[in-house]
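Note sheet for the following structure.
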Amino acid sequence: MLNFDFYNPTHILFGKGRIADIHQAIPADAKVLLLYGGGSIKQNGVFDQVIAALGNRSITEFAGIEPNPSYETLMKAVDVIKQGNIDFLLAVGGGSVIDGTKFIAAAALFEGGDPWAIMEKHGRNVTKALPFGSILTLPATGSEMNDGGVVTRQSIKAKLAFSSRHCFPKFSVLDPTTTYTLPVRQIGNGAVDAFVHVMEQYLTYPVNSPVQDRFAEGLLKTLIEEGPKALANPEDYDVRANLMWCATMALNGLISTGVPQDWATHMIGHELTALHGIDHAQTLAIVLPSMLRVRKEGKRAKLLQFAERVWDIREGSEDSRVDSAISRMQDYFEQMGVKTRLSDYKLGADDISPIIAALESHRMLTIGEKRDVTLDVSRQVLELSL
Ligand code: NZQ
Ligand code: ZN
């Protein structure tokens, strides 16, 4: 096992009716900025619960944080904070609202010039941030219990990730009933994103880490079992609860302790979203199956373990077990309603070179757990995904 630090200070309030408990988690005299997206929280009653729970606190609203939050929109919230002496942020929504709020929290106190520098330095230059909490309505990203965020600068079509220990939510409310209104597309996206998060931390090479491996396999098996049930019975509380906790546990730092991490699929996926507006999870479903096929040799030991322990594939040659496991995973993405080929999103061979150029301009020249995913390998992966 590799050396590691594990630090996660986020207080989780899990379960039905827990939005009311933010009353205790936010200072009574806080001047709160309530941040949300395109309005789903007004249609499903979450907004009303939040307002009731905030009681007499001073509340300013900032609406309109879009999926794949943009720097341009987020900087408007920074202005609102400065004008209103806001001292606490409350993000209500999916990963985009929570990520956007993390950037805003850091940007509002940033002293190094234009806050886009936070993204360029991937958060290494963040020394403080406003305190914030979150109310999660879409299980997928794990943003509710980690210190990372992804922000897009639309004017230059750049989607970059940052993280900082100052950007953990103080608390996050996970009420599974808030997810009943998710459209089918977002249920599928959420399960696939969480699945791929586990794979980025698990499917590398063995370092004798059975605790992390068994946790990861448990999360994958739960997503495989529960995901289709959420599509079939949208208001099954236990299914939603299991999916919600699974997605949080998939990216809260626990399963990455002491193990190598890949993230090449995410890096290529971010370019696909930035250039073509494809949903985050859809990009992962396109890239990961081909990524594993192209890098089969370097990942062979873990692929065989994945085949046996996650898919129960024990018969046949090594190659056939590996191939079947990858196909079963791809079928699962499709079963969750997430298409897995570039052509499903109307992209073709001509679209590959601009993606490679974007990776190059973002210095993604050698990625993956062994830094052996060169631009040529990324090109092979995309060609195999056509
Ligand atoms: O904007 P509203 O109206 O709220 O609608 C949203 C949005 O249109 C809707 N939605 C959310 N909860 C709902 C709901 N609709 C009905 N009922 C509900 N309960 O869903 C749509 C998508 O929301 P979004 O927040 O964009 O989705 P997601 O949670 O998948 O977040 C995606 C973003 O997170 C980043 C991605 O890159 C992308 O920008 N990621 C963040 C990570 C992190 N912080 O650790 C890791 C991930 O790998 C990922 O990169
Ligand atoms: Zn992701």
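Per UniProt numbering, the sequence shown runs over residues 1 to 386.
C-beta atoms are modelled at their ideal positions from N, C-alpha and C, and glycine is treated no differently.
- Look at the beta carbons and you see the region 211-228 touching the region 307-314: at least three pairs across the two are nearer than 8 angstroms.
- Here LEU342 really is in contact with ILE286; their C-beta atoms are around 6 angstroms apart, less than 8 angstroms.
- In this structure, the straight-line span from the alpha carbon of LYS31 to that of GLN43 is close to 25 angstroms.
- In this structure, ASP193 has its CB closer than 6 angstroms to one or more heavy atoms of the ligand ZN.
- One alpha carbon belongs to ARG293, the other to THR257, and they sit about 26 angstroms apart.
- The C-beta distance from MET1 to ASN208 rounds to 6 angstroms, short enough to fall under 8 angstroms.
- PHE4 is classed as exposed because its beta carbon has fewer than 16 other beta carbons within 10 Å across all chains shown.
- Take the alpha-carbon of LEU34 and the one of ALA91: they are about 6 angstroms apart.
- DSSP, read as helix, strand or coil, puts LYS31 in strand.
- Under the three-state reduction of DSSP output, PHE88 falls in the strand class.
- In the DSSP assignment, LYS229 is bridged to no other residue.
- The three-state reading of DSSP puts ALA158 in strand, counting E and B together.
- Counting C-beta pairs closer than 8 angstroms gives fewer than three between the region 19-28 and the region 147-166, which falls short of the contact rule.
- Taking C-beta separations shorter than 6 angstroms and ignoring five residues to either side along the sequence, the partners of ALA105 in its chain run LEU89, ALA129, LEU130, PHE132, following chain order.
- Between GLU120 and PRO260, the gap from beta carbon to beta carbon reaches 7 angstroms or more.
- Not one heavy atom of the ligand NZQ lies closer than 6 angstroms to the C-beta of THR265.
- Between the region 163-172 and the region 4-13 there are three or more C-beta pairs closer than 8 angstroms, enough to call the two in contact.
- Checking the DSSP bridge columns, you'll see ILE12 partnered with SER172.
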